[in-house]
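Presented below is the structure to which this report refers.
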Amino acid sequence: MATRKSSAKPNVSAEELLSFYREMLLIRRFEEKAGQLYGMGLIGGFCHLYIGQEAVVVGLEAAAEEGDKRVTSYRDHGHMLACGMDPKGVMAELTGRESGYSKGKGGSMHMFSKEKHFYGGHGIVGAQVPIGAGLAFSDKYKGNDRVTFVYFGDGAANQGQVAETYNMAQLWDLPVVFVIENNQYAMGTSVQRATKSPDFWERGAAYGIAGEMVDGMDVLAVKEAGEKAVAHCRAGKGPYILEVKTYRYRGHSMSDPAKYRTREEVQKMREERDAIEHVRQLLLTGGHASEDDLKSIDKEIKDVVNAAADFAKESPEPALSELWTDIYA
Amino acid sequence: MATEILMPALSPTMEEGTLAKWLVKEGDTVSSGDILAEIETDKATMEFEAVDEGVVGKLLIAEGTEGVKVNTPIAVLLDEGESADDIASATSAAAALSSAAPVEKAATEAAEAPAPAAPKAPEVDLSPDWPEGTPMKAQTVREALRDAMAEEMRADDRVYLMGEEVAEYQGAYKVSQGLLDEFGAKRVIDTPITEHGFAGIAVGAAFGGLKPIVEFMTFNFAMQAIDQIINSAAKTRYMSGGQMDSPMVFRGPNGAAARVGAQHSQDYAAWYMQIPGLKVVMPYSAADAKGLLKSAIRDPNPVIFLENELLYGHSFDVPVLEDFTIPLGKAKIWREGKDVTIVSFGTSMQFALEAAEKLAEDGIDAEVIDLRTLRPMDTDSIIRSVMKTNRCVTVEEGWPQGSVGSYISSVLMQQAFDYLDAPVINCTGKDVPMPYAANLEKLALVTTDEVIEAVKQVTYR
Ligand SMILES: Cc1ncc(C[n+]2csc(CCOP(=O)(O)OP(=O)(O)O)c2C)c(N)n1
Ligand SMILES: [Mg+2]
Numbered sequence: 002m003a004t005r006k007s008s009a010k011p012n013v014s015a016e017e018l019l020s021f022y023r024e025m026l027l028i029r030r031f032e033e034k035a036g037q038l039y040g041m042g043l044i045g046g047f048c049h050l051y052i053g054q055e056a057v058v059v060g061l062e063a064a065a066e067e068g069d070k071r072v073t074s075y076r077d078h079g080h081m082l083a084c085g086m087d088p089k090g091v092m093a094e095l096t097g098r099e100s101g102y103s104k105g106k107g108g109s110m111h112m113f114s115k116e117k118h119f120y121g122g123h124g125i126v127g128a129q130v131p132i133g134a135g136l137a138f139s140d141k142y143k144g145n146d147r148v149t150f151v152y153f154g155d156g157a158a159n160q161g162q163v164a165e166t167y168n169m170a171q172l173w174d175l176p177v178v179f180v181i182e183n184n185q186y187a188m189g190t191s192v193q194r195a196t197k198s199p200d201f202w203e204r205g206a207a208y209g210i211a212g213e214m215v216d217g218m219d220v221l222a223v224k225e226a227g228e229k230a231v232a233h234c235r236a237g238k239g240p241y242i243l244e245v246k247t248y249r250y251r252g253h254s255m256s257d258p259a260k261y262r263t264r265e266e267v268q269k270m271r272e273e274r275d276a277i278e279h280v281r282q283l284l285l286t287g288g289h290a291s292e293d294d295l296k297s298i299d300k301e302i303k304d305v306v307n308a309a310a311d312f313a314k315e316s317p318e319p320a321l322s323e324l325w326t327d328i329y330a
Numbered sequence: 024m025a026t027e028i029l030m031p032a033l034s035p036t037m038e039e040g041t042l043a044k045w046l047v048k049e050g051d052t053v054s055s056g057d058i059l060a061e062i063e064t065d066k067a068t069m070e071f072e073a074v075d076e077g078v079v080g081k082l083l084i085a086e087g088t089e090g091v092k093v094n095t096p097i098a099v100l101l102d103e104g105e106s107a108d109d110i111a112s113a114t115s116a117a118a119a120l121s122s123a124a125p126v127e128k129a130a131t132e133a134a135e136a137p138a139p140a141a142p143k144a145p146e147v148d149l150s151p152d153w154p155e156g157t158p159m160k161a162q163t164v165r166e167a168l169r170d171a172m173a174e175e176m177r178a179d180d181r182v183y184l185m186g187e188e189v190a191e192y193q194g195a196y197k198v199s200q201g202l203l204d205e206f207g208a209k210r211v212i213d214t215p216i217t218e219h220g221f222a223g224i225a226v227g228a229a230f231g232g233l234k235p236i237v238e239f240m241t242f243n244f245a246m247q248a249i250d251q252i253i254n255s256a257a258k259t260r261y262m263s264g265g266q267m268d269s270p271m272v273f274r275g276p277n278g279a280a281a282r283v284g285a286q287h288s289q290d291y292a293a294w295y296m297q298i299p300g301l302k303v304v305m306p307y308s309a310a311d312a313k314g315l316l317k318s319a320i321r322d323p324n325p326v327i328f329l330e331n332e333l334l335y336g337h338s339f340d341v342p343v344l345e346d347f348t349i350p351l352g353k354a355k356i357w358r359e360g361k362d363v364t365i366v367s368f369g370t371s372m373q374f375a376l377e378a379a380e381k382l383a384e385d386g387i388d389a390e391v392i393d394l395r396t397l398r399p400m401d402t403d404s405i406i407r408s409v410m411k412t413n414r415c416v417t418v419e420e421g422w423p424q425g426s427v428g429s430y431i432s433s434v435l436m437q438q439a440f441d442y443l444d445a446p447v448i449n450c451t452g453k454d455v456p457m458p459y460a461a462n463l464e465k466l467a468l469v470t471t472d473e474v475i476e477a478v479k480q481v482t483y484r
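Chains as they are written, first to last, in this note's numbering: chain A, 2 to 330; chain B, 24 to 484.
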């Protein structure tokens with residue numbers, strides 16, 4: 002099956018294109034700022050940036066409805082921004098401050114928002130996959146038609162618990178969309194060095210799960226595939242797998258020697274396949290926005306991100322008494 | 024305004040590095056994502072990318088310079104239309120920031136961090152588990168557990184049971200007998216043999232507002248799922264700043280059965296007892312099994328409920344009450360005595376009680392405490408008893424190193440040192456994998472005679 006791409010003349014409104022542009026740009030600028038704060042020592046530990054992969058989560062969020070759930074790995078900043086969490090609260094968690102989403106106790110990899118139905122932020126590769134199926138299980142049990150999106154990497158796709166979850170999700174017809182964000186590397190290990198069955202979505206066939214491969218640098222294609230997957234789940238037909246081909250421009254985490262791929266490979270993706278540039282061109286060539294319009298959006302977003310950074314720097318660290326809270330309900 | 028580019032921290036531990044190579048020169052225009060330099064740390068050489076766009080006004084640190092401290096300005100970036108003259112006015116905003124960085128402050132404050140509430144004179148809840156005069160009926164532990172689940176499932180439709188062979192087979196050890204008939208396949212769910220996966224699904228279901236009971240065919244197999252139990256169920260409340268709950272029970276037989284060898288005979292009490300975020304229960308009697316399981320199901324936290332195959336068929340008196348629970352974290356005194364305190368839990372209670380009876384024949388009056396819950400542990404009850412007897416022996420099935428007993432010993436040393444007249448002795452399983460041969464298996468397990476011997480030692484008889 003061919004990778005889904007958006008059609009030459011996509012059926013999309015100017016408004017929607019602009020919102021994709023805005024949301025993807027917010028993620029990118031936010032992540033750049035996070036990288037900067039990390040360099041200054043204001044963010045510590047592991048910090049995994051989402052730069053390059055923005056179209057995946059923005060496209061899929063466009064296919065979600067209120068009440069749908071999402072859960073992902075440690076590479077989670079983009080998912081949180083895309084589901085409407087406050088950039089200030091996310092950034093303040095990155096700096097380990099009291100007004101962060103987890104009061105500074107979770108950090109970059111562990112954040113949650115019940116209000117936005119965002120269930121983390123998980124640091125153990127693959128652990129979010131059964132958890133996502135379990136969230137879908139809870140909705141099916143309650144008899145509503147909500148859908149859960151569970152995001153995981155090409156590396157995670159090789160975990161045993163993913164296979165276990167596929168089996169049970171299909172066995173029990175759970176309304177879960179498995180989104181494999183195939184950015185082609187798990188830390189320094191390319192997909193080719195990790196498996197001889199590199200088309201991850203095809204593994205669903207072993208369990209009878211429908212799926213497809215999508216161009217993840219094309220936000221319109223992602224949204225379209227997402228809508229199909231969601232419709233499948235909402236109709237009670239069980240899970241669906243979307244393998245989204247994407248690329249991370251930055252290192253795996255902030256401390257990545259980047260010796261496993263060439264500079265040219267990264268540069269080529271950035272120049273030829275960038276998802277934000279794609280939408281930017283659609284906006285300009287379609288006459289939906291002028292350079293000036295886009296400049297003012299850029300400025301707007303820069304301000305949002307700077308405000309988040311200032312907030313995150315100014316917010317106090319958690320009170321020492323917080324060490325002992327939130328262990329038991 | 025001109026901005027300074029600072030030496031970045033490229034790893035969680037980096038304090039300084041070598042500016043190995045500049046990949047831009049003065050006058051170059053750069054945009055976000057362009058690689059500016061290669062920086063060498065003790066771990067690796069890494070590329071350093073531009074975040075802002077502009078023109079490289081000046082390189083402040085020559086390539087090849089070693090020991091460049093993080094946050095030192097290494098270059099100046101000019102906006103369009105600015106000249107190198109603007110460099111002088113570039114403020115060291117970032118440097119100012121770095122002095123406000125929280126790292127050092129945290130280190131000094133750590134010493135002042137409040138310790139957990141200081142131990143006070145033990146306050147022990149001595150209330151009876153049920154009112155005096157309550158009618159009793161004999162019931163096996165197996166039936167008590169089943170009744171506990173059934174009652175809680177009737178009371179709360181968010182409670183459901185999942186595990187291998189729990190539904191149609193009626194439970195590998197027949198604990199869930201009849202539940203499928205009463206509650207149907209929606210709430211009594213047979214899983215495939217995938218402990219890691221279904222434990223994770225149950226955690227997700229708990230995040231989603233349900234109250235799962237996960238049955239492990241035995242806890243030996245829960246090792247496949249221990250990541251989900253600890254990393255996902257136990258820690259998420261903390262990591263989410265209190266937003267997320269995992270109200271669920273992981274239950275099943277734990278410890279040695281009979282002649283099933285090393286992989287099927289292990290006591291996990293000490294393992295789970297260590298984890299903040301978990302509660303751990305290990306009942307001995309049928310009444311406790313019922314009252315504690317009902318509490319565990321209602322508890323908003325993840326609870327590890329350790330049963331024992333050999334106890335399933337034992338009968339005990341169980342109170343006949345509409346709704347009978349026993350609070351988690353409350354020990355039970357089975358036998359009062361003044362000469363020595365024997366602390367045990369779960370199946371090992373049999374040896375503790377038997378030893379106490381035999382010791383009585385020799386004129387040694389032992390107090391026997393059943394912890395019932397290992398986390399939170401009712402150490403106050405132990406301390407209170409030791410303040411009276413001045414001697415303590417612990418009895419458990421698990422291995423000696425890092426045992427429940429060694430924790431109790433340390434609590435007693437720190438909180439009741441002046442009351443101890445003899446070193447605490449821990450009777451444990453032997454420090455070997457469980458052998459299969461009948462004679463060796465017997466040797467590997469803790470015995471009543473060993474408990475008696477230990478008591479004689481601490482009472483100097
Ligand atoms: C169980 C487990 N093993 C190893 C790690 C260390 N680790 C963190 S991320 C990672 C690579 C995962 O790659 P992938 O799933 O492709 O996700 P990506 O980082 O590309 O988003 C590894 C090995 C971990 N966190 N958990
Ligand atoms: Mg990957």
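We put the CB at the ideal spot given by N, CA and C, even for glycine.
DSSP state of residue i mapped onto helix, strand, coil
| i | result |
| --- | --- |
| methionine 30 of chain B | coil |
| alanine 279 of chain B | coil |
| asparagine 12 of chain A | coil |
| glycine 36 of chain A | helix |
| glycine 154 of chain A | strand |
| glycine 133 of chain A | helix |
| glutamate 63 of chain B | strand |
| tryptophan 294 of chain B | helix |
| methionine 1 of chain A | The question about residue 1 of chain A has no answer, for chain A in this structure spans 2 to 330. |
| glutamine 162 of chain B | strand |
| alanine 134 of chain B | With a pLDDT of only 49 at alanine 134 of chain B, under the threshold of 50, the placement of this residue in the model should not be trusted, and no figure is reported. |
Delimiting residues of the alpha helix (DSSP H) encompassing residue i
| i | result |
| --- | --- |
| threonine 259 of chain B | 259 to 262 |
| phenylalanine 206 of chain B | 202 to 206 |
| histidine 233 of chain A | 220 to 235 |
Residue i and residue j closer than 8 Å at C-beta
| i | j | result |
| --- | --- | --- |
| methionine 25 of chain A | valine 280 of chain A | yes |
| threonine 190 of chain A | glycine 156 of chain A | yes |
| glutamate 332 of chain B | serine 371 of chain B | no |
| alanine 309 of chain A | lysine 89 of chain A | yes |
| isoleucine 365 of chain B | alanine 375 of chain B | yes |
| leucine 243 of chain A | valine 180 of chain A | yes |
| alanine 158 of chain A | alanine 134 of chain A | no |
| arginine 321 of chain B | glutamate 175 of chain B | yes |
| tyrosine 167 of chain A | alanine 211 of chain A | no |
| tyrosine 329 of chain A | phenylalanine 230 of chain B | no |
| histidine 123 of chain A | tyrosine 51 of chain A | no |
| leucine 82 of chain B | glutamate 49 of chain B | yes |
| valine 57 of chain A | threonine 247 of chain A | yes |
| lysine 314 of chain A | threonine 96 of chain A | yes |
| glycine 79 of chain A | alanine 32 of chain B | no |
| glutamate 238 of chain B | serine 199 of chain B | yes |
For residue i, the nearest candidate out of the options (CA to CA)
| i | options | result |
| --- | --- | --- |
| glutamine 162 of chain B | B/Leu334, B/Ala225 and B/Ile28 | B/Leu334 |
| alanine 222 of chain B | A/Phe21, A/Leu136 and A/Val151 | A/Leu136 |
| valine 215 of chain A | A/Gly60, A/Asp87, A/Phe138 and A/Ile132 | A/Gly60 |
| methionine 267 of chain B | B/Pro323, B/Tyr295 and B/His287 | B/Pro323 |
| methionine 271 of chain B | B/Ala228, B/Glu63 and B/Val164 | B/Ala228 |
| alanine 15 of chain A | A/Gly124, A/His78 and A/Leu283 | A/Leu283 |
The beta strand (DSSP E) enclosing residue i, as first and last residue numbers
| i | result |
| --- | --- |
| histidine 123 of chain A | 119 to 123 |
| message | Quick check for students: name the residue ranges of the beta strand (DSSP E) that lie wholly in the stretch 29 to 109 of chain A, counting only runs of 3 or more. | response | 70 to 74
| query | Which ranges does the beta strand (DSSP E) cover as unbroken runs of at least 3 residues, wholly within the stretch 309 to 377 of chain B, from first to last along the chain? | reply | The stretch 309 to 377 of chain B contains these whole beta strand (DSSP E) runs: 325 to 330, 338 to 342, 355 to 358 and 363 to 367.
| field | Every unbroken beta strand (DSSP E) within the stretch 382 to 428 of chain B, with a cutoff of 3 residues, ordered by chain | value | 389 to 393, 396 to 398 and 415 to 418
| Whole runs of the alpha helix (DSSP H) within the stretch 264 to 322 of chain A, excluding any shorter than 4 residues | List check, alpha helix (DSSP H) in window: 264 to 274, 276 to 286 and 292 to 315.
| task | Return the chain-ordered ranges of every beta strand (DSSP E) run that is complete within the stretch 69 to 104 of chain B and spans a minimum of 3 residues. | result | Correct list: 77 to 82, 88 to 92 and 96 to 101.
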